[in-house]
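Working notes, structure below.
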């Protein structure tokens with residue numbers, strides 16, 4: 007597998023665009039379109055929040071269709087908690103694209119991100135459709151990435167190539183999200199996390215869905231910015247088969263190779279989200295090792311990644327590791343506290359549940375002064391591991407989120 | 007029931023003191039003692055964090071004794087994650103008091119609050135014991151309240167009187183805690199929440215424990231400052247029988263009257279904690295009504311009370327109620343989103359899951375500008391209710407917690 011240039015238009019046959027529809031008060035790009043030149047199979051995972059935005063409901067319904075060719079996305083408005091009007095608006099968004107591209111409405115998927123509880127300016131979206139479709143291009147993945155941003159400070163794109171038999175398959179992706187980030191998405195199932203993946207691999211819809219699930223569980227479902235789960239989280243993938251590899255239909259060699267590449271792409275994109283978390287000044291990787299089960303390791307890693315106190319001390323470059331221990335202990339997972347070790351970078355702070363005598367606060371502080379910080383919690387009770395990613399918690403986070411809708 | 011002046015020394019036969027032992031670098035009061043002149047029955051609830059501080063372990067053990075007469079508490083150091091040294095230090099703390107007051111070690115309970123993973127300066131504590139015991143007085147409940155504070159900005163005390171038959175029973179209480187506040191305590195089981203309750207009621211140990219559990223579930227277990235559960239949370243009650251009421255031994259009229267008064271005392275103290283939350287500028291009450299079960303209502307109320315995004319918008323006086331909906335939806339509780347109403351003070355923002363047309367943002371903002379803010383979520387699906395309390399999330403919170411141990 008190699009990393010290549012580009013984003014969602016890196017795989018063969020995908021076009022993208024991003025335009026200004028006037029949804030965002032700032033006047034920035036706010037409407038995006040992703041298009042496959044040939045019918046593709048699609049899979050998607052959505053938020054498990056009980057409140058689901060209208061585009062999530064509509065995309066779930068449309069996903070029952072066998073093939074898909076386009077995804078329309080707006081930023082600046084979540085189209086959530088708007089009742090039947092919201093549902094109709096989401097269907098209209100898909101309908102505009104279907105009409106213009108001469109497709110069936112059910113071949114179109116939709117996503118929204120932004121403020122909850124305000125009605126979508128659907129006329130502005132309709133007015134922007136001709137330009138949105140007209141701008142579709144192999145070179146516009148950057149515009150797409152930009153148009154889906156809310157409080158994101160950077161575009162987030164990635165593409166890889168992997169050899170399957172004699173064919174070379176590409177996977178491309180772009181994502182957004184810097185707040186209300188604590189996704190827990192399942193395939194049956196204000197900022198928000200959105201991800202759009204594309205591939206020219208030939209793969210069945212069922213295998214694509216299984217592969218996406220595996221990739222998401224170890225990537226997007228392991229990041230947190232603020233512990234707040236969005237109503238709009240969505241991760242889509244379209245596979246159009248243009249790479250002409252032997253079609254992947256079940257779990258075998260090619261499936262695992264493809265899934266590994268997809269997992270890599272998803273993880274790298276997920277890390278970009280954590281790194282750009284609202285107000286973030288530092289990126290934090292939390293590894294939990296030696297757990298009895300992967301689920302245990304995940305729960306502990308996720309709990310630490312959502313501890314405000316832990317994230318504040320990272321911001322303050324203060325190696326107050328007791329907060330890591332407290333968060334692990336609050337996870338609900340049963341473990342023997344008398345076996346646990348905690349490392350700050352390479353420095354052991356806790357050994358067998360006891361604070362290390364001679365722990366060098368100065369050296370630990372030097373580690374906390376870096377941009378990238380690694381915390382390891384070793385339970386020494388089994389062989390399962392998990393890794394979560396988060397960012398520090400800064401005054402800027404509060405500033406950004408206390409002034410969001412105003 | 008009437009509210010009376012004072013704190014833990016309001017009930018007959020209780021004395022308290024608070025002195026400077028030199029544990030806190032600031033030189034403030036940091037060692038406290040609560041004493042009943044006659045043997046009392048005691049009950050306590052402790053953190054359900056897997057990591058438990060040494061004084062929690064020691065108090066759990068000592069609670070097996072039939073009677074208790076004193077509780078020693080230090081602030082400035084949590085005595086947590088210090089292994090066997092920490093356990094021995096906690097036993098020593100109890101031992102110092104036992105020796106000085108000629109009691110059995112097991113009649114003494116202990117609590118600590120402060121930084122995790124630093125060893126207790128046990129010699130300083132030992133040196134301060136003569137003054138600590140010598141200062142015991144009916145008038146020193148305020149010194150006790152002060153000596154248990156960490157980043158608290160105010161003392162938190164309350165006392166009530168309630169008539170049981172011909173006798174009048176008093177309940178007194180004091181508590182501390184403004185961060186690492188998201189307790190979930192059970193009777194079998196850096197800042198931290200600590201509460202000390204006293205009563206001169208005659209009551210059996212079993213009835214006292216049951217009553218405490220009931221009181222805690224609707225009070226301390228319903229507050230959050232930052233969603234971080236402490237390793238040291240403890241709530242103690244001692245009942246010395248000096249009010250000479252007919253002994254409460256089982257659930258009957260007097261039990262319920264007593265429990266109601268205890269619940270009131272605990273709730274008022276719990277609200278003081280949320281109101282003084284680290285960096286707090288506003289106090290927030292979240293009521294969830296019309297739930298199918300009390301557990302459902304509690305889970306939703308607690309989830310909203312820990313939403314950083316919701317708490318940031320309260321700080322910013324921004325009526326962004328979508329964050330309340332998103333948090334409710336992320337609680338894991340199943341409810342019909344098409345029935346739910348959300349109120350900001352008296353203003354309805356969401357009706358039957360749909361944003362209210364004509365919602366007056368200006369009026370809502372006026373409500374958010376107040377010191378005390380009430381949010382109501384009505385599920386309209388049952389008869390169960392619950393209330394949670396929290397504070398807003400300010401830049402000051404981040405400042406306080408990024409500089410805690412340094």
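Residue numbers (the working numbering), protein chains in the order written: chain A, 7 to 412; chain B, 7 to 412.
Just so it is clear, CB atoms sit at the ideal spot from N, CA and C, and this is done for glycine as well.
On a predicted model such as this, the values are computed, not experimentally measured, just so you know.
Mind checking who residue i pairs with in its DSSP beta bridge?
i: residue 74(B); result: 46(B)
i: residue 20(B); result: 42(B)
i: residue 179(A); result: 164(A), 203(A)
i: residue 51(A); result: 241(A)
i: residue 145(A); result: The partner list for residue 145(A) (beta bridge, DSSP) is empty, contrary to what the question assumes.
Starting from residue i, follow the beta strand (DSSP E) in both directions and report where the run begins and ends.
i: residue 384(B); result: 378-384
i: residue 203(A); result: 200-205
i: residue 240(A); result: 240-245
i: residue 391(B); result: 390-397
Spatial neighbours of residue i within its chain, please: C-beta separation below 6 Å, excluding the five flanking residues on both sides.
i: residue 219(B); result: 193
i: residue 349(B); result: 382
i: residue 228(B); result: 394
i: residue 357(B); result: 347
i: residue 374(B); result: 323, 325
i: residue 380(B); result: 291, 351
i: residue 278(A); result: 162
i: residue 210(A); result: 255
i: residue 215(B); result: 49, 193
i: residue 225(B); result: 272, 273, 276
i: residue 305(A); result: 337, 339
Kindly list the residues whose CB is nearer than 7 Å to the CB of residue i, restricted to its own chain and excluding five residues on each side of it in sequence; keep chain order.
i: residue 195(A); result: Confidence in residue 195(A) is poor, its pLDDT being 44 and thus under 50, which makes the residue's placement unreliable; the coordinate value appears in the next sentence. 51, 52, 54.
i: residue 87(A); result: 57, 122, 123
i: residue 333(B); result: 309, 310, 313, 316
i: residue 412(A); result: For residue 412(A), the pLDDT reaches just 48, beneath the cut-off of 50, and the residue's location in the model is therefore unreliable, although a value from the coordinates is still provided. Contacts found: none.
i: residue 331(A); result: 348, 356
i: residue 397(A); result: 231, 280, 281, 283, 286, 288, 289, 290
So what does DSSP say about residue i, is it helix, strand or coil?
i: residue 86(A); result: coil
i: residue 110(A); result: coil
i: residue 6(A); result: This structure cannot settle anything about residue 6(A), because the visible part of chain A is limited to 7 through 412.
i: residue 373(B); result: helix
i: residue 317(B); result: helix
i: residue 291(A); result: strand
i: residue 305(B); result: helix
i: residue 14(B); result: coil
i: residue 283(A); result: coil
i: residue 235(B); result: coil
i: residue 347(A); result: strand
i: residue 154(A); result: coil
i: residue 186(A); result: coil
i: residue 59(A); result: coil
i: residue 118(B); result: strand
i: residue 268(A); result: helix
i: residue 354(B); result: strand
i: residue 8(A); result: strand
i: residue 37(B); result: strand
i: residue 412(B); result: Here the model assigns residue 412(B) a pLDDT of 48, short of 50, so the residue's position is not dependable and the matter cannot be decided.
i: residue 278(B); result: helix
In the DSSP assignment, find the unbroken alpha helix (DSSP H) run with residue i in it and report its ends.
i: residue 167(B); result: Not the alpha helix (DSSP H): residue 167(B) falls in the beta strand (DSSP E), residues 163-170.
i: residue 416(B); result: Shown here, chain B extends from 7 to 412; a query on residue 416(B) therefore has no answer.
i: residue 29(A); result: No alpha helix (DSSP H) holds residue 29(A); DSSP gives it neither H nor E.
i: residue 2(A); result: The displayed coordinates of chain A run from 7 to 412. Any statement about residue 2(A) would go beyond what the structure contains.
i: residue 333(A); result: 328-335
With a CB to CB cut of under 8 Å and the five nearest residues on each side skipped, what residues in its chain are close to residue i?
i: residue 11(A); result: 165
i: residue 213(A); result: 254, 255, 256, 257, 261
Give a yes or no on whether the minimum CB-CB distance between residue i and chain C is below 7 Å.
i: residue 361(A); result: Within the model displayed, chain C is absent; protein chains A and B are what it includes.
>> Contact between the stretch 288-306 of chain B and the stretch 390-397 of chain B is defined here as three or more beta-carbon pairs at a separation below 8 Å; is this criterion met?
In response: The stretch 288-306 of chain B makes contact with the stretch 390-397 of chain B: 3 or more CB pairs, one atom from each, lie closer than 8 Å.
> Are the stretch 66-75 of chain A and the stretch 9-28 of chain A touching, with three or more C-beta to C-beta distances below 8 Å?
Replying inline: Verdict: no, contact absent.
> Is there contact here, the stretch 311-320 of chain A with the stretch 25-34 of chain B, by at least three beta-carbon pairs under 8 Å?
Replying inline: no
> Would the stretch 243-260 of chain B and the stretch 202-210 of chain B be scored as touching if the rule is three or more Cβ pairs under 8 Å?
Replying inline: Per the Cβ contact rule, the stretch 243-260 of chain B is in contact with the stretch 202-210 of chain B (3 or more Cβ pairs under 8 Å).
> Do the stretch 398-407 of chain B and the stretch 276-286 of chain B meet, that is, are 3 or more Cβ pairs less than 8 Å apart?
Replying inline: yes
>> For the structure I just gave you, are there three or more beta carbon pairs, one from the stretch 92-101 of chain A and one from the stretch 138-150 of chain A, closer than 8 Å?
In response: no
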